[in-house]
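Asker: If you count the sequence shown from 1, position 193 lands on 299 in the numbering used here, and the numbers rise without skipping.
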Amino acid sequence: MKNKNQLVTNPFSKLGPLKKKEKDVVKKEEKEVMLPEETKVSHIKCKAVRVKKYDELQRQKKKEKKARRKARMQAGEPKQVPHTIESLREKDETMIKGEIDDEENQEIKVDLEHDEFAAYFRKEYEPKVLITFSDNPHTKSRIFGRELTRIIPNSISLYRNRSGVKKMVKSCIEKGFTDIVVINEDQCKPNGMLIVHLPEGPTLHCKLSNVKITPELKRSHKEITNHRPEVILNNFTTRLGYSVSRMLGALFHYEPEFKGRRVVTFHNQRDYIFFRHHRYEFDKKSAKPRLRELGPRFTLKVRSLQHGTFDSKYGKYEWIIQGRRHQMETSRRKFFL
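1) May I have the straight-line CA-CA distance separating residue 364 from residue 438, to the nearest angstrom?
2) What are the complete beta strand (DSSP E) segments, minimum 3 residues, inside the segment 150 to 181?
3) Please report the distance separating the alpha-carbon of residue 376 from that of residue 308.
4) Taking residue 410 as part of the alpha helix (DSSP H), name the residues at either end of that continuous run.
5) Assuming the contact rule is C-beta atoms closer than 8 Å, residue 408 and residue 357 should be a hit. Round their C-beta distance to whole Å, please.
6) Short of 8 Å in beta carbon distance, which residues of its chain neighbour residue 316, apart from the five on each side in sequence? Order them along the chain.
7) Going by beta carbon distance, what residues of the same chain come within less than 7 Å of residue 213, once the five residues before and after it are set aside?
8) Given a threshold of 16 other Cβ atoms within 10 Å of its Cβ, counted over all protein chains shown, does residue 242 qualify as buried or as exposed?
9) Residue 355: buried (16+ other C-beta within 10 angstroms of its C-beta) or exposed?
10) With burial defined as no fewer than 16 other Cβ atoms inside 10 Å of the residue's Cβ, what is the status of residue 527: buried or exposed?
11) When the Cα atoms are used, what is the spatial distance from residue 215 to residue 222?
12) Can you check whether the CB of residue 350 is closer than 9 Å to the CB of residue 310?
13) Under the three-state reduction of DSSP, which class applies to residue 210: helix, strand or coil?
14) Look up residue 287 in the DSSP assignment and say whether it is helix, strand or coil.
15) My understanding is that residue 367 touches residue 385, with C-beta atoms under 8 Å, so please give their C-beta distance in whole angstroms.
16) According to DSSP, is residue 339 helix, strand or coil?
17) Indicate the three-state DSSP secondary structure (helix, strand or coil) for residue 321 in the structure shown.
18) Between the alpha carbons of residue 260 and residue 274, how many angstroms are there, rounded?
19) Name the DSSP beta bridge partners of residue 199, please?
20) Under the three-state reduction of DSSP, which class applies to residue 378: helix, strand or coil?
21) On the three-state DSSP scale, how would you describe residue 292?
22) Three or more C-beta pairs closer than 8 Å, one from the segment 172 to 190 and one from the segment 144 to 162: is that the case here?
23) For the putative contact between residue 396 and residue 389, defined by C-beta atoms under 8 Å, what is the C-beta separation to the nearest angstrom?
24) Roughly how many angstroms separate the alpha carbons of residue 330 and residue 320, rounded to a whole number?
25) For residue 399, report the span of its beta strand (DSSP E) as first-last.
26) Tell me whether the beta-carbon of residue 288 lies closer than 9 Å to the beta-carbon of residue 238.
27) Mark residue 300 as exposed unless 16 or more other C-beta atoms lie within 10 angstroms of its C-beta, in which case mark it buried.
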């Protein structure tokens with residue numbers, strides 16, 4: 107049996123023996139001692155050393171990931187495709203599978219051949235577009251409208267002079283316009299776009315966001331030529347998506363001038379339509395295309411698609427987003443385009 111006054115040796119220090127009163131403190135320290143993990147750097151107090159260590163760990167992870175990918179390729183394993191919200195989207199009854207010319211989609215093909223844009227795709231007329239604004243537009247909205255006139259062939263930009271949309275529709279039909287684009291704004295920023303197809307509609311209303319005009323981008327606007335651009339409509343898979351994409355495509359001329367190497371893209375992802383305007387050129391050595399963004403840049407979110415021309419009171423809607431987000435968009439994996 108040990109004596110009460112017997113001294114205890116501290117295993118973690120060379121400062122000599124400890125008294126009995128310090129024994130409990132030593133045991134407590136033994137329990138709290140935790141060695142930091144090699145994959146974490148938060149315990150390092152010096153910021154310079156911590157950042158350097160973190161960069162080394164990231165490089166090591168990237169190297170290991172590349173080695174695992176190389177090993178899978180050598181073993182002949184299939185490529186791993188990550189799951190995304192869009193790849194796990196809920197099935198829609200109106201989703202179109204395969205090509206329009208397939209036997210399963212003959213009914214859809216007949217509907218498209220007799221819709222409001224059938225004459226455009228039969229090349230019976232050339233589009234003529236009027237671009238206008240809300241009353242007293244801000245500078246950014248005016249610049250944005252003028253840049254759209256350089257992108258959309260055979261289009262002009264005019265002020266509406268406080269005239270209503272219904273009056274503009276009547277006058278534009280008389281003057282031979284095929285489409286009207288109205289740019290709305292709020293707090294001195296463009297926030298909405300109304301597209302009216304003439305003479306019988308439909309009318310598309312979209313929320314406009316993330317607008318960046320050409321001076322806000324790095325590329326110079328002087329590079330834009332007068333050649334008619336190519337139009338790419340990507341990832342529109344439902345009946346509603348086809349109607350929206352055909353309406354956007356009908357704003358442009360059906361015969362692009364490939365000499366200008368300009369391309370306009372409407373890319374749908376999670377019901378957000380991203381617009382980009384590029385000029386491409388091919389590398390002589392690798393023959394791969396290189397893109398150079400010309401601007402402007404913006405994002406559209408469809409709010410409604412109305413039958414006929416604009417009528418806010420008595421118009422019939424083909425599709426409209428109703429209520430708040432939680433009332434119609436019941437799931438993050440449910441998309442309409």
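Beta carbons: idealized from backbone N, C-alpha and C, even for Gly.
Answerer: Straight from the coordinates:
1) 39 Å
2) You should have found no qualifying run.
3) 23 Å
4) Residue 410 -> not in any alpha helix (DSSP H); beta strand (DSSP E) instead, spanning 403 to 412.
5) Contact flag wrong, Cβ pair sits at about 15 Å.
6) Beyond the five residues adjoining it in sequence on each side, residue 316 comes within less than 8 Å, by CB distance, of 403, 404, 405 in the same chain, given in chain order.
7) Correct list: empty, nothing qualifies.
8) The residue in question, residue 242, is exposed, as its Cβ has fewer than 16 Cβ neighbours within 10 Å.
9) buried
10) For residue 527 there is no data in the structure shown, the boundaries of the chain being 107 and 443.
11) Each residue's alpha carbon lies about 14 Å from the other.
12) yes
13) helix
14) strand
15) With a contact defined as Cβ atoms closer than 8 Å, residue 367 and residue 385 qualify at about 5 Å.
16) strand
17) helix
18) 18 Å
19) BP columns for residue 199 are empty, so no partner.
20) strand
21) strand
22) no
23) 6 Å
24) If I take the Cα positions, the gap works out to 11 Å.
25) 395 to 399
26) yes
27) buried
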